[in-house]
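Counting from 68, one number per residue, gives the positions in the sequence shown under the working numbering.
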Amino acid sequence: MKLSKTKILFLLATFLVAHHNYAQDSIPLSLNEAINLALDKNVDITITNYQVNASEFALKEVKGAVLPKLYATANYNRHIDRQVIFLPDAFGTGETATKLGSDNDYRATLNLALPVYSRFNKNNKKLFENRLRYQNEAARNAKQNVINTIKKAYFNYLIAQEMVKVQQKQLKSAEETFTDVEKRKKQGTLTDYDFTTAKVQVAQAKNSLLEAQNTILPLANHLKLVLGLKTEMNLKLTESIELLENELVLEDNPSELLSQNSSLKQLELDIELSKNQIDLAKSAFYPTLDAVGAYNYQAQEDNFNLADYQWVNTSFVGLQLQFNIFNGFINKNKLQQAKITKDIAQEQKNHTTEALKMQLEELLSQLDFTKQKIEVQQENMNLTEDALTLAKKRYRLGVGTFLEVNNAELSYTQARVFWLQAISDYKAAYYDYQLLIGQDK
């Protein structure tokens, strides 16, 4: 469920207050809260959102090309040498060059232009619409990648904590066994070999615990980093490591599953953009028709007595047809470039589609294998737990040996560790599967 902006800010404020007042307390954090915190603070998502906004304004700019254009100009010209007109002697002027106008020329003009037909404007609008769709898909892809990263970081840290608990339990059991062995050795019922073996068991359990604890800090810091939180904060992850029911139900139809893949969708939009570029290049071979009009307000005099000027109005409306006859084959070469770009995009899409199908097949196979591995390890864990209980009971009754208890403890711990590793592998593969099929949740 998506958190509202207000709830996200409230959660952040709660984190800050809790950290300020209770630096040593653990702050509970669910997976959904972690995802929404990351989505709100992630730099990549912020950048892609800016790019989407820029594309929206670019589309509005292109749409403005079909609207009327109205602009005004004002000019003042001081004629140093006025223009002349040559008249024949038949007019009886005796001069063939007659000066026109006055020394001072004032003119204000209001121009109007309205595109009536422009194939370029139509195709350019389609191009920028697809660019906006591309940026939206890029933003979706960035969001999916962030969610994938958060889920993996969250459960890697959670499973590492479970590993520590397993090793702590193993150490506690080894220490209890050592205490009992030491007591029995003093009573003379066990040998030095049993005592030394129990002591080695404690040392090995301590070493395993240290190794498990050593993974905690890097994984915790990585989670805080992707969440945008301070490293001083202590997090208490509230999710269960158990697999959810929806994580076990998978579909295996490549065509349908990959239909929402963000990378493929972006490549499809690349092809559409290439087609738009082809149409745009072709539009240069078509004429353009514009409705035009102008209104002039002007005056000319040899002096600067503006109050005595005679101001006159002139205006016109008309149609302007423009057709490109020859421009050095520029349009033809642009068209060829656009066609080549489309072919490249198509080849990239075909190659990526096949690669993603293979990746999907491998992920489904890995998920099936890991699922079976989890089931085997779950059964093995139950069996080794029963065996450990039985071995301890036999040992207390004096019919079992310390070696049986030692082996049973090692088998149970190993089964638990293998089960956690299988859970970790399955979740990582499942999150990659979600990313591959384009799931936004």
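Note that CB positions come from ideal geometry on N, CA and C, so glycine has one too.
Worksheet item: Leaving out the 5 sequence neighbours to the left and right, which residues in its chain are closer than 7 Å to Leu26 when beta-carbon positions are compared?
Response: The shown model of the chain, from 68 to 508, leaves out residue 26, and the question about it has no answer.
Discussion item. Just list the residues that DSSP pairs Arg145 with in beta bridges.
Written reply: Working through the sequence shown from its first residue, we reach residue 145 at position 78. Arg145 pairs with Asn171.
Discussion item. Within a Cβ cutoff of 6 Å, which residues of the same chain sit near Phe436, ignoring the five residues on either side of it in sequence?
Written reply: Here residue 436 refers to the residue found at position 369 when the sequence shown is read from its first residue. Taken in chain order, the list of residues that qualify is empty.
Worksheet item: With DSSP run on the structure shown, which of helix, strand or coil describes Asp369?
Response: Locating residue 369 in the sequence shown gives position 302, where the first residue counts as 1. When DSSP states are grouped into helix, strand and coil, Asp369 belongs to the coil group.
Worksheet item: Quick one: what does DSSP say Lys508 is sitting in, helix, strand or coil?
Response: For the purposes of this step, residue 508 is identified with residue 441 of the sequence shown, where counting begins at 1. Lys508: coil per DSSP, three-state reduction.
Worksheet item: Beta-carbon separation of Leu430 and Leu331 under 9 Å?
Response: Here residue 430 is taken as the residue at index 363 of the sequence shown, counted from 1. Here residue 331 is taken as the residue at index 264 of the sequence shown, counted from 1. One thing to note: Leu430 has its Cβ no nearer than 9 Å to the Cβ of Leu331.
Discussion item. Quick check: the region 167 to 174 against the region 354 to 373, are at least 3 beta-carbon pairs closer than 8 Å?
Written reply: yes
Fill in: Three CB pairs or more closer than 8 Å across the region 352 to 367 and the region 386 to 394
yes
Worksheet item: Would you report the Cα separation of Ser240 and Gly255, rounded to the nearest angstrom?
Response: What you label residue 240 is simply residue 173 of the sequence shown in a count that begins at 1. What you label residue 255 is simply residue 188 of the sequence shown in a count that begins at 1. Counting only the Cα atoms, Gly255 lies some 22 Å from Ser240.
Discussion item. So, at 8 Å on beta carbons, what are the nonlocal neighbours of Arg149 in its own chain, with the 5 sequence-adjacent residues on each side left out?
Written reply: Taking the first residue of the sequence shown as position 1, residue 149 is located at position 82. Taken in chain order, the residues that qualify are Lys166, Leu167, Gly168, Ser169 and Asp170.
Practice prompt. Rank Leu154, Phe396 and Tyr364 by C-alpha distance to the C-alpha of Thr381 and give the top, closest one.
Written response: Along the sequence shown, one-based indexing puts residue 381 at 314. Among Leu154, Phe396 and Tyr364, the Cα nearest to that of Thr381 belongs to Tyr364.
Worksheet item: Apart from the five residues just before and just after Leu427, which ones in its own chain have a Cβ nearer than 7 Å to its Cβ?
Response: Locating residue 427 in the sequence shown gives position 360, where the first residue counts as 1. Excluding sequence neighbours, Leu427 sits near Pro321, Leu324, Leu325 and Leu503.
Worksheet item: In the DSSP assignment, what are the bridge partners of Pro155?
Response: Residue mapping note: residue 155 aligns to position 88 of the sequence shown, counting from 1. Looking at the DSSP assignment, Pro155 forms no beta bridge with any residue, so it has no partner.
Worksheet item: Are the beta-carbon atoms belonging to Ala287 and Leu302 less than 9 Å from one another?
Response: Taking the first residue of the sequence shown as position 1, residue 287 is located at position 220. Taking the first residue of the sequence shown as position 1, residue 302 is located at position 235. In this structure, Leu302 lies closer than 9 Å to Ala287 by Cβ.
Discussion item. Taking 7 Å as the limit between beta carbons, can you name the residues of its chain near Met68, skipping five residues before and five after?
Written reply: Start at 1 with the first residue of the sequence shown, and residue 68 comes out as number 1. Confidence is the limiting factor: at Met68 the pLDDT is only 40, short of 50, which leaves the residue's position unreliable and the question unanswerable from this model.
Worksheet item: Closest to Thr420 by CA distance: which of Val466, Leu334, Gln439 and Tyr362 is it?
Response: Against the sequence shown, residue 420 aligns to sequence position 353. The residue with the shortest Cα to Cα distance from Thr420 is Leu334.
Worksheet entry | Rounded separation between Tyr89 and His418 - CA only | Taking the first residue of the sequence shown as 1, we reach residue 89 at position 22. Taking the first residue of the sequence shown as 1, we reach residue 418 at position 351. Confidence at Tyr89 is low in this model, with a pLDDT of 43, below 50, so the placement of that residue should be treated as unreliable; the coordinate-derived value is given next. Each residue's alpha carbon lies about 54 Å from the other.
Practice prompt. Tell me whether Asn328 sits in a helix, a strand or coil according to DSSP, three-state version.
Written response: As a working mapping, residue 328 is identified with position 261 in the sequence shown. Reduced to three states, the DSSP call for Asn328 is coil.
Item to complete: Kindly indicate which three-state DSSP category Asn281 falls into: helix, strand or coil?
Response: Within the sequence shown, numbered from 1, the residue matching residue 281 stands at position 214. Asn281: helix per DSSP, three-state reduction.
Worksheet item: Among His289, Met425, Glu446 and Asn447, which residue has its Cα nearest to the Cα of Thr298?
Response: The residue labelled residue 298 in the question sits at position 231 within the sequence shown. In this structure, His289 is the residue among His289, Met425, Glu446 and Asn447 with its C-alpha nearest to the C-alpha of Thr298.
Discussion item. Let me confirm a value: Tyr143 is counted as buried when at least 16 other C-beta atoms fall within 10 Å, else exposed. Which label applies?
Written reply: Taking the sequence shown and counting its residues from 1, the one referred to as residue 143 is at position 76. Tyr143 should be labelled exposed.
Fill in: Residue range of the beta strand (DSSP E) that includes Gln387
To locate residue 387, count along the sequence shown from 1; it is residue 320. Val379 to Gln389 is the extent of the beta strand (DSSP E) around Gln387.
Discussion item. Only counting the same chain, and skipping five residues up and downstream in sequence, which positions put a Cβ closer than 6 Å to that of Arg207?
Written reply: On the sequence shown, position 140 is the one that residue 207 refers to. If we look at Arg207 and ignore the five residues flanking it on each side, its Cβ neighbours are Ser329.
Practice prompt. Name, in chain order, the residues that DSSP records as bridge partners for Lys303.
Written response: As a first step, residue 303 is located in the sequence shown; it is residue number 236 there, counting from the start. Residue pairing for Lys303: DSSP places it in a beta bridge opposite Pro95.
Item to complete: Would you mind sorting Ser491 into buried or exposed? The rule is 16 or more other CB atoms within 10 Å of its CB.
Response: Numbered from 1 along the sequence shown, position 424 holds the residue referred to as residue 491. Counting C-beta atoms within 10 angstroms of its own C-beta, Ser491 has 16 or more neighbours from the protein chains shown and is therefore classed as buried.
Worksheet item: Looking only at its own chain, which residues have a Cβ that is under 6 Å from the Cβ of Ala205, when we skip the five neighbours before and after it?
Response: Within the sequence shown, the letter at position 138 stands for residue 205. Excluding sequence neighbours, Ala205 sits near Thr115.
Worksheet entry | Cβ neighbours of Asn398 in the same chain (closer than 8 Å, five flanking residues each side left out) | Locating residue 398 in the sequence shown gives position 331, where the first residue counts as 1. Correct list, in chain order: Ala348, Ala351, Phe352 and Asn391.
Practice prompt. Answer yes or no: do Arg251 and Asp259 have a C-beta to C-beta separation smaller than 9 Å?
Written response: Position 184 of the sequence shown, counted from the start, is the residue given in the question as residue 251. Position 192 of the sequence shown, counted from the start, is the residue given in the question as residue 259. Taking 9 Å as the Cβ cut-off, Arg251 and Asp259 do not qualify as a contacting pair.
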